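So the protein sequences, as listed, match chains A and B.
Just so we're aligned, residue 144 is where the first sequence starts under my numbering, counting upward by one.
Just so we're aligned, residue 664 is where the second sequence starts under my numbering, counting upward by one.
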Amino acid sequence: MNDSHYCPHTPEEIGEMLTAIGVASVEELFAPIPAELRAKALTIPSGISEFETLARMQAIAGENAQGMTNYIGGGFYDHIIPTVIDHLSGRAEFYTAYTPYQPECSQGTLQALFEYQTAICRLTGLDVSNASLYDGGTACAEAAMMALRVTGRKKIIVDGCVNPFSRQVLKTYLFNLDVEIVEIAPVKGMLDRAGLAGVLDETVAAVLVQNPNFFGTVDDFSALAGQVHALGALLIASVYPISLGILKSPGEMGVDIAIGDGQSLGNPLSFGGPSFGFIAARKSFIRNMPGRIVGETVDRNGKRGFVLTLQAREQHIKRHKATSNICSNQGLCALRGLIFLSSVGRQGLADLARLNRDKAEYAKARLSRIPGVTVLQSAPTFNEFTLCLPASAETVVTGMLKEGIAAGVPLGPYYEGSDNCLVVTVTEKRSKKEIDHFARLLEAALCN
Amino acid sequence: MQLIYEKSVPGRRGVRLPASDVPSAAALPASLLRSEPAALAEVSELDLVRHFTNLSRRNFSVDTNFYPLGSCTMKYNAKVLENAAVLFAPFHPMTALLPGGTEFCQGTLGMLHDLGGMLADITGMDEVTTQPLAGAHGEMTGILLVAAYHAARGNKAKKKYVVVPDSSHGTNPASAAIAGYEIITVPTAPYGDMDLELFKKAMTDEVAAVMMTCPNTLGLFNPHIKEISDIAHSHDALMYYDGANLNAIMGKVKPGDVGFDVIHVNLHKTFGTPHGGGGPGSGPVGVKKGLIPFLPQPRILKDDQGRFQLEGKRPTSIGRTANFFGNFGVMVKAYAYMIMLGREGLVRVSEQAVLNANYIKERLKPYYDLPYDMTCMHECVFSASRQLAHGVHAIDIAKFLIDRGYHPPTVYFPMIVKEAIMIEPTETESKATMDAFIEVMIEAAKTAETDPQALHDAPLTMPISRLDETKAAREQNVCCQW
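See the structure below:
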């Protein structure tokens, strides 16, 4: 019986191969490993069939709470995913290929990535995009490092309204470098412009902001871009791609580098990944971009084709002088993002963004009618907003989880003195009926 | 083939959105709005499906072609893994980070914890973080752990260098440089690995870590590995193991047993998860006890009741290397792969990967130069130097293979081998597939002698011929302008 999962050889074939090699046993091939270094047996259990494997995986998935109604975001959003995405990204010709090092037999991936880069440029209003980064947090770090290279300066100013996980990733990336990170504490869920003005000078490489920010506030950074540029610094904006269906694009604001997490573009929540990070910038910065970039060219017969380009920036050529260490990125997730954007299309993305905002505005009005509940920010919001509750947000959230509702992200763990604040996310997937139910439960929880 | 934007017709849509059941909100101030919608493609669902289906047909892939791309471990990706991953699609990662939220995520947290345990067993490490999102991301995480270790001992200023052999993956020096280190490169000796004497000279107390790939990128196991790690440790330098080549050694040798302190593992290589045309991968990092205090957060712990919890704030942690728990969907696949194969199956993977590589090496040896002629592990590296005498380069042989339906091996890497052709068949390929590939490689070698122009002209059967890469780099046309 051949029970060797996915190892196809019969004993006869193994015998023939050993003869061709000129050794007596497979074990002999491991002779280069000194005997005293050889491993003790593995303790992993013995193997099982694929049927048993799938049953085990179903049992594991079953240990998570099922059917939770999400009012949480924090960088990952519960959006619709058109069914074509699974079918098309599930084409094995896409998902079992690798980095398109050989362009003639990889035009599918290369053209798709070129179309992806185009979609990201059009969405962000910027000139150039790479073929994806890992996620939104690492994109913040890559953008900051790019700004350090471009300016030759060693200080990054970060708006405290940027996603706290992304800020943490940025700090982790930079902790062993000679780089200063200055954080500006938020005021009422918004960038403290006066606080920023106090630290903004000619030693600053970049200012990092987020729109909509972690509190849900929508801002316009056009004037800020001018101030930042006047000092020779760059403006980096982390953006939520669905919101760009209606919100002013980074390019229109004068942003130099736009980044974000692409999960909301057709990638499932999947307990936090895989998603993808995107990065787009002004054309003059292209040689400082991290990661793969696909470019258009022609073949020997003048026919259009696509290749990985400007590879002299990358680790496999430049080694320690590369613009980034990134190699594998999130290609298949970026492909899903492209298919998502091409499926909803130009008007569809605008409609989807409006639908998100309409639902959130309904929820905001409904929830803030609950006695003692107010909205933190006076500024506009998109599909997230921050409530100030008359009680600990953490206590409320813990209680609501038992009702099958993830009620929002309590701000207490991330912002000092914000124990009663709750960021609520409402996507197009939440019905009026669900929102009303949520409001009744929240009201009941707060009255107790 | 037309771009999706060239198929776009104003007003067309690929999907219908849900109708609204709430009132329309008052419009935002104009200063916050974009002047016009983003110029995304406007196509019907059928147009969309046909476009991407036809694009996919312009790719070689493991499911359609033998793909012996050295260093990348392009093994078959079991279909059941895809079915397993979708089971976890609805779970929001934020749920686990809410107060009391871990109770609602016991399945996902438990799986990550158990995956870490299995990887620790295979690598001989004490704990594994599953947060890093790819191999290079794991490398950077690992080197940041090294930096935190030295900083905690008051040696941040003193430890300035990371030692890397010249045969290493480009990501090794790039990751160490991004983490703030200067690089010392040690050349390869005639025996096919880092020159031991030159290594000894390079080692000082200012070295923070030594990054090794073992087996190395020549596919060779370094017989001096224990001595190297002893020397490194005598200088208080830590040993970093690049797990890119772990497919060769499962159950045969555990890096943790031979002196390595920190390791990253590429789940998309060794543990059978698909490469996705360039990701997503997953790069968990294993460490020895001394480095546990520095591991990224959130860290998953199993409590006395067997429940999985997230550790509270730990000031010694390097923080976060990614926003949530890593590429969870990829880890589901790797976990399913590991429990399915089990300990005997994983050992067999390494045995047959090594068997296949040696078979190809021996069969092709008469036709191609083999700069390091010894028993290899999971891959073998030839040189096209013999063919170069006829004006034929490694790239020409690669393009000839494409015409015959084979994805080429890795060429021009490792850089220490002139005209390198790096072949990694993996354990999932049959003898018949390899025999057919070997015949075509032999044909290429013969054609190099008799008709070099035929190789220069290849490929002829693809939708496009060789591309003008200089033009692409000069014009930098990286997004559609119309």
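Cβ atoms here follow ideal geometry from the backbone N, Cα and C, with glycine treated the same way.
The structure displayed is predicted, hence computed values, not measured ones.
Query	Result
Compute the Euclidean distance between the alpha carbons of A:Cys264 and A:Ile402, then round it to the nearest angstrom.	11 Å
Which residue spans inside the segment 710 to 793 of chain B form an unbroken beta strand (DSSP E) run of at least 3?	790 to 792
Below 7 Å between beta carbons is the criterion; list the residues of the segment 702 to 735 of chain B that meet it against any residue of chain A, in chain order.	Ala702, Leu703, Ala704, Glu705, Val706, Glu708, Leu711, Val712, Phe715, Thr716, Leu718, Ser719, Arg720, Arg721, Asn722, Phe723, Ser724, Val725, Asp726, Thr727, Leu732, Cys735
Among A:Ile157, A:Ala349, A:Ala588, A:His152, which one has its Cα closest to the Cα of A:Ile548?	A:Ala588
Can you list, in chain order, the residues of its chain whose CB lies under 7 Å from that of A:Ala262, leaving out five sequence neighbours each side?	Leu481, Leu484
Residues in the same chain with beta-carbon distance under 8 Å from A:Glu258, minus the five sequence neighbours each way, listed in chain order, please.	Leu481, Ser485
Applying a beta-carbon distance threshold of less than 8 Å, which residues of chain A neighbour B:Arg697?	Gly268, Leu387, Ile389, Leu390, Lys391, Ser392, Glu395
Strictly under 8 Å for the Cβ-Cβ distance: is A:Ser600 near chain B by that measure?	The structure shown has nothing for residue 600 of chain A, since chain A only spans 144 to 591.
In the structure shown, what three-state DSSP assignment does A:Thr153 receive?	coil
May I ask you to list, following chain order, the residues of the segment 437 to 461 of chain A that have a beta carbon less than 9 Å from some beta carbon of chain B?	Val437, Gly438, Glu439, Thr440, Val441, Asp442, Arg443, Asn444, Lys446, Arg447, Gly448, Phe449, Val450, Leu451, Thr452, Leu453, Gln454, Ala455, Glu457, Gln458, His459, Ile460, Lys461
Per the DSSP calculation, B:Lys965 is bridged to which residue(s)?	B:Phe971
Buried or exposed, going by whether 16 or more other CB atoms sit within 10 Å of the CB of B:Val678?	buried
The segment 1064 to 1098 of chain B: which residues have C-beta closer than 8 Å to a C-beta of chain A, in chain order?	Ile1065, His1070, Pro1071, Thr1073, Phe1076, Glu1090, Thr1091, Glu1092, Ser1093, Lys1094
What are the residues of the segment 490 to 506 of chain A that lie near chain B, defined by any Cβ-Cβ distance shorter than 7 Å?	Gln490, Gly491, Leu492, Ala493, Asp494, Leu495, Leu498, Arg500, Asp501, Lys502, Glu504, Tyr505
If we count Cβ pairs, one from each stretch, closer than 8 Å, do we get three or more for the segment 905 to 918 of chain B versus the segment 866 to 885 of chain B?	yes
Can you grab the Cα-Cα spacing for the pair A:Arg462 / A:Met432, in whole Å?	15 Å
For A:Glu323 and A:Gly409, I'd like the C-alpha separation in whole angstroms.	36 Å
Going along chain B, which residues have a C-beta under 8 Å from A:Ile482?	Leu711, Phe715
Closer than 9 Å, Cβ to Cβ, to anything on chain B: give me those residues from the segment 243 to 256 of chain A, in chain order.	Pro243, Tyr244, Gln245, Pro246, Glu247, Cys248, Ser249, Gln250, Gly251, Thr252, Leu253, Gln254, Ala255, Leu256
Where does A:Ala167 sit, in a helix, a strand or coil, going by DSSP?	coil
For A:Ser521, is the classification buried or exposed, using 16 other Cβ atoms within 10 angstroms of its Cβ as the cut-off for buried?	exposed
Bridge partners for A:Arg447 per DSSP, in chain order?	A:Val441
Mind checking B:Leu923: buried by the 16 CB within 10 Å criterion, or exposed?	The amino acid occupying residue 923 of chain B in the given sequence is Phe; Leu does not appear at that position. Per the 10 Å Cβ criterion, buried.
Quick one: using the 10 Å Cβ neighbour count with 16 as the cut-off for buried, is B:Pro943 buried or exposed?	buried
Excluding the 5 residues flanking A:Val312 on each side, which residues of the same chain have their C-beta closer than 8 Å to its C-beta?	Gly280, Thr281, Cys283, Ala284
According to the Cβ coordinates, are A:Ala477 and B:Ser724 closer than 8 Å?	no
May I ask you to report which of helix, strand or coil DSSP gives A:Asn145?	Confidence at A:Asn145 is low in this model, with a pLDDT of 47, below 50, so the placement of that residue is unreliable and no value is reported for it.
Got a sec: does the ligand FAD put a non-hydrogen atom nearer than 7 Å to the Cβ of A:Pro523?	The ligand FAD is not among the ligands present in this structure, which contains no ligands whatsoever.
If distances are taken between C-alpha atoms only, which option among A:Val166, A:Ala424, A:Pro411 comes closest to B:Ala748?	A:Pro411
If you measure beta-carbon to beta-carbon, which residues of the segment 366 to 378 of chain A are closer than 8 Å to chain B?	none
B:Leu901 lies in the beta strand (DSSP E); which residues open and close that run?	901 to 906
Name, please, each residue of chain A whose Cβ falls closer than 7 Å to the Cβ of B:Ile785.	Leu185
Which chain A residues are close to B:Phe884, counting only those with a beta carbon under 7 Å from its beta carbon?	Pro175, Ile176
Beta carbons nearer than 8 Å to chain B: which residues of the segment 275 to 287 of chain A have them?	Ser275, Tyr277, Asp278, Gly279, Gly280, Thr281
Applying the 10 Å Cβ sphere with the 16-neighbour rule, what's the burial state of B:Leu881?	buried
So, A:Ile176 versus B:Val916, is the Cβ gap smaller than 8 Å?	yes
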